[in-house]
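Enquirer: Residue numbers (my numbering): 234 to 681.
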């Protein structure tokens with residue numbers, strides 16, 4: 234009689250086996266623990282030994298340096314019990330950016346876009362929104378998408394640079410060095426004419442408008458337009474008072490706008506960086522994954538450039554967020570062994586998340602009035618960076634339950650999509666100039 238027959242007679246999978254499963258470990262070597270007893274002691278034939286106590290590794294760790302010569306984790310041993318600190322480093326970094334974004338958003342409305350840009354060039358959103366205010370309604374979408382393509386291109390180039398520069402300090406310096414060249418361009422960046430007029434700096438506004446007309450071959454128009462005439466434009470802030478972050482919540486429609494855009498920015502940034510920072514989570518080469526993550530955003534943004542003018546901002550924003558949430562949720566049920574399929578679904582999620590991130594910059598800049606636009610964007614950036622700071626911590630939840638981070642990220646995406654549905658449509662609308670413009674219903678018009 235074979236043993237299998239005997240086992241079948243006594244029930245090969247009953248209460249006995251189920252009880253035994255919970256009492257036994259899977260035998261996988263533990264990279265964070267070692268046996269307390271030396272190995273040669275365990276070679277003794279002792280049937281009385283009922284437990285094998287373990288202790289944390291006593292002799293340090295040996296790391297795989299094939300990809301990187303030095304990282305934060307390997308340099309300070311942020312593994313095992315300190316693994317959470319490795320996740321926290323990203324959160325700490327973005328917390329600093331978060332408070333800076335809020336402060337410089339206010340300073341931009343108080344002292345102008347150009348001055349603040351020189352001080353805080355790291356905040357590239359200031360540069361982007363200062364440029365948006367010079368663009369008419371017809372071309373706002375194309376310019377907004379075009380400015381976001383540099384992010385995707387650099388995202389795709391970063392893994393190529395990291396492949397050859399495998400020390401984290403040198404990589405940080407290499408990635409930061411282009412800002413030195415970027416600061417030189419500050420001298421050619423025009424101040425926002427909208428902001429200048431709204432703050433009664435009519436001569437400066439006339440200077441920049443004249444410069445714009447000369448470059449665009451429209452000198453004849455500016456010949457008849459004197460600085461005094463600009464005082465009659467609807468951009469002018471007749472109250473001559475200074476605005477602050479408190480103006481974001483003083484009126485009902487502004488409170489509603491502030492709440493919804495805060496949720497939207499938190500959600501978009503949280504899921505975008507949650508996917509981006511999880512490049513090693515699919516079991517594929519991290520350089521290849523990061524390269525794909527960057528490249529996939531380029532066609533997505535070009536496609537969005539057309540759909541924004543067809544179905545508007547609101548539905549595009551909500552749709553991309555819902556699709557991102559579905560991709561994240563579906564990946565929960567795909568087996569870990571199917572690395573290629575998981576990476577494909579994750580890449581689709583990154584594509585939709587990249588589209589959502591691109592649109593939220595343009596969409597929000599069209600929702601806030603000129604007089605407090607940078608304050609609104611500073612607050613939005615604060616909420617966005619809160620989401621970015623939280624995303625690495627959400628990844629730690631996998632220690633409690635492996636699918637939990639995916640569930641949280643998908644719920645955040647759905648909540649942000651719902652918030653987008655409750656915002657106003659801004660396609661073919663004039664940019665609001667004052668808080669009163671936001672409180673009133675803005676008419677849709679093809680003209681500026």
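Quick reminder that beta carbons are idealized off the backbone N, C-alpha and C, glycines included. All of these numbers come straight from a predicted model, not from anything done at the bench.
Leaving aside the five residues before and after residue 656 along the sequence, list all residues of the same chain whose C-beta is less than 7 Å from its C-beta, in chain order.
Expert: For this step, residue 656 is matched to residue 423 along the chain shown. Counting only Cβ-Cβ distances below 7 Å, and skipping sequence neighbours, we find 493, 547 and 600.
Enquirer: Quick check on residue 652: does DSSP put it in helix, strand or coil?
Expert: Within the chain shown, the letter at position 419 stands for residue 652. Helix.
Enquirer: Can you grab the Cα-Cα spacing for the pair residue 669 / residue 663, in whole Å?
Expert: The sequence position of residue 669 within the chain shown is 436, counting from 1. The sequence position of residue 663 within the chain shown is 430, counting from 1. For residue 669 and residue 663, the distance between alpha carbons rounds to 14 Å.
Enquirer: Comparing C-alpha positions only, which one of 441, 408 and 430 sits nearest to residue 420?
Expert: On the chain shown, residue 420 is found 187 positions in, with the first residue counted as 1. It is 441.
Enquirer: Quick one: what does DSSP say residue 287 is sitting in, helix, strand or coil?
Expert: The count along the chain shown starts at 1 and reaches residue 287 at position 54. Strand, per DSSP.
Enquirer: With a threshold of 8 Å on Cβ separation, who are the neighbours of residue 386 within its own chain once the five nearest residues in sequence on each side are excluded?
Expert: Taking the first residue of the chain shown as 1, we reach residue 386 at position 153. Within the same chain, residue 386 has close Cβ partners 527 and 531.
Enquirer: Under the rule that 16 or more other beta-carbon atoms within 10 Å means buried, what is residue 383, buried or exposed?
Expert: Within the chain shown, the letter at position 150 stands for residue 383. Exposed: under 16 other Cβ atoms inside 10 Å.
Enquirer: Are the stretch 644 to 654 and the stretch 545 to 561 touching, with three or more C-beta to C-beta distances below 8 Å?
Expert: With a cut-off of 8 Å, the stretch 545 to 561 and the stretch 644 to 654 count as touching, because enough Cβ pairs lie within range.
Enquirer: Are residue 591 and residue 534 close, meaning C-beta to C-beta below 7 Å?
Expert: The residue given as residue 591 occupies position 358 in the chain shown. The residue given as residue 534 occupies position 301 in the chain shown. Going by C-beta atoms, residue 591 is nearer than 7 Å to residue 534.
Enquirer: Between residue 597 and residue 622, is the Cβ-Cβ spacing less than 7 Å?
Expert: The residue you call residue 597 lines up with position 364 of the chain shown. The residue you call residue 622 lines up with position 389 of the chain shown. Contact annotation: residue 597 and residue 622 have beta-carbon atoms that are not nearer than 7 Å.
Enquirer: Just to confirm my understanding: we take residue 639, look at its own chain, exclude 5 residues before and 5 after, and list those with CB closer than 7 Å. What are they?
Expert: Locating residue 639 in the chain shown gives position 406, counting from the first residue. Correct list, in chain order: 561, 562, 564 and 565.
Enquirer: Let me confirm a value: residue 192 is counted as buried when at least 16 other C-beta atoms fall within 10 Å, else exposed. Which label applies?
Expert: Past the boundaries of the shown model lies residue 192; the chain is included only from 234 to 681, so the question cannot be answered.
Enquirer: Provide the residue(s) that pair with residue 383 in DSSP beta bridges, ordered along the chain.
Expert: The sequence position of residue 383 within the chain shown is 150, counting from 1. Note: residue 383 sits in no beta bridge, so no partner.
Enquirer: Compare the Cα-Cα distances from residue 458 to each of 435, 423, 425 and 511 and report the closest residue.
Expert: Indexing the chain shown from 1 puts residue 458 at position 225. Here the closest residue by C-alpha is 435.
Enquirer: Rounding to the nearest angstrom, what Cα-Cα distance links residue 631 and residue 641 in this structure?
Expert: Start at 1 with the first residue of the chain shown, and residue 631 comes out as number 398. Start at 1 with the first residue of the chain shown, and residue 641 comes out as number 408. Roughly 11 Å separates the two Cα atoms.
Enquirer: Do the CB positions of residue 660 and residue 582 come within less than 7 Å of each other?
Expert: Within the chain shown, the letter at position 427 stands for residue 660. Within the chain shown, the letter at position 349 stands for residue 582. No.
Enquirer: Using the three-state DSSP reduction, which class does residue 545 fall into: helix, strand or coil?
Expert: Residue 545 sits at position 312 when you count from the first residue of the chain shown. If DSSP states are grouped into helix, strand and coil, residue 545 belongs with the helices.
Enquirer: Does the separation of the CB atoms of residue 671 and residue 486 fall below 7 Å?
Expert: The sequence position of residue 671 within the chain shown is 438, counting from 1. The sequence position of residue 486 within the chain shown is 253, counting from 1. Yes. Within cutoff.
Enquirer: State the start and end residues of the unbroken alpha helix (DSSP H) segment that holds residue 436.
Expert: Here residue 436 refers to the residue found at position 203 of the chain shown. Segment 435 to 448, the alpha helix (DSSP H) holding residue 436.
Enquirer: Between the alpha carbons of residue 635 and residue 629, how many angstroms are there, rounded?
Expert: Locating residue 635 in the chain shown gives position 402, where the first residue counts as 1. Locating residue 629 in the chain shown gives position 396, where the first residue counts as 1. About 9 Å.
Enquirer: So, with DSSP's three-state summary, where would you put residue 569?
Expert: The residue given as residue 569 occupies position 336 in the chain shown. Here residue 569 sits in coil by DSSP.
Enquirer: Write down the C-beta distance between residue 398 and residue 407 rounded to the nearest angstrom, noting that I regard them as a contact closer than 8 Å.
Expert: The sequence position of residue 398 within the chain shown is 165, counting from 1. The sequence position of residue 407 within the chain shown is 174, counting from 1. Contact holds; Cβ gap of about 5 Å.
Enquirer: Could you give the DSSP three-state label for residue 424: helix, strand or coil?
Expert: Your numbering for residue 424 matches position 191 in the chain shown. Coil, per DSSP.
Enquirer: Mapping the DSSP letters down to three states, classify residue 604 as helix, strand or coil.
Expert: The residue you call residue 604 lines up with position 371 of the chain shown. Under the three-state reduction of DSSP, residue 604 is assigned to helix.
Enquirer: Under DSSP, the alpha helix (DSSP H) around residue 491 begins and ends at which residues?
Expert: In the chain shown, residue 491 corresponds to position 258, counting from 1. It spans 485 to 509 - the alpha helix (DSSP H) in which residue 491 sits, taken as one unbroken run.
Enquirer: Report all residues from its chain with a CB closer than 6 Å to the CB of residue 402; omit the five preceding and five following residues, and keep chain order.
Expert: Here residue 402 refers to the residue found at position 169 when the chain shown is read from its first residue. Excluding positions up to five away in sequence, the list is empty.
Enquirer: Measure the alpha-carbon distance for residue 667 versus residue 606 and round it to whole angstroms.
Expert: As a working note, residue 667 is residue 434 in the chain shown. As a working note, residue 606 is residue 373 in the chain shown. Their Cα atoms are separated by approximately 10 Å.
Enquirer: Our contact map puts residue 503 next to residue 624 with C-beta atoms below 8 Å; I'd like the distance itself, whole angstroms only.
Expert: Stepping through the chain shown from its first residue, residue 503 is reached at position 270. Stepping through the chain shown from its first residue, residue 624 is reached at position 391. Indeed they touch by this definition, with Cβ atoms about 5 Å apart.
Enquirer: So what's residue 432 in DSSP terms, helix, strand or just coil?
Expert: The sequence position of residue 432 within the chain shown is 199, counting from 1. Residue state, collapsed to three classes: coil.
Enquirer: For residue 257, is the classification buried or exposed, using 16 other Cβ atoms within 10 angstroms of its Cβ as the cut-off for buried?
Expert: Residue 257 sits at position 24 when you count from the first residue of the chain shown. Confidence at residue 257 is low in this model, with a pLDDT of 41, below 50, so the placement of that residue should be treated as unreliable; the coordinate-derived value is given next. Answer is exposed; the Cβ neighbour count stays below 16.
Enquirer: Whose CA, out of 626, 570 and 490, lies closest to the CA of residue 673?
Expert: Here the question's residue 673 lines up with position 440 in the chain shown. Closest by alpha carbon: 490.
Enquirer: According to the neighbour-count rule (16 or more other Cβ atoms, all chains shown, within 10 Å of its Cβ), is residue 488 buried or exposed?
Expert: By 1-based counting over the chain shown, the position of residue 488 is 255. That one is exposed.
Enquirer: Start and end of the alpha helix (DSSP H) containing residue 482?
Expert: Locating residue 482 in the chain shown gives position 249, where the first residue counts as 1. First-last for residue 482: undefined, no H or E at that position.
Enquirer: What residues in its chain sit with their C-beta under 7 Å from that of residue 593, if we drop five residues either side in the sequence?
Expert: To locate residue 593, count along the chain shown from 1; it is residue 360. Here residue 593 has 497, 498, 501 and 550 as same chain residues with Cβ atoms under 7 Å from its own Cβ, once five neighbours each way along the sequence are excluded.
Enquirer: Is it right to say residue 665 is buried, meaning 16 or more other beta carbons lie within 10 angstroms of its own, or is it exposed?
Expert: Indexing the chain shown from 1 puts residue 665 at position 432. It counts as buried.
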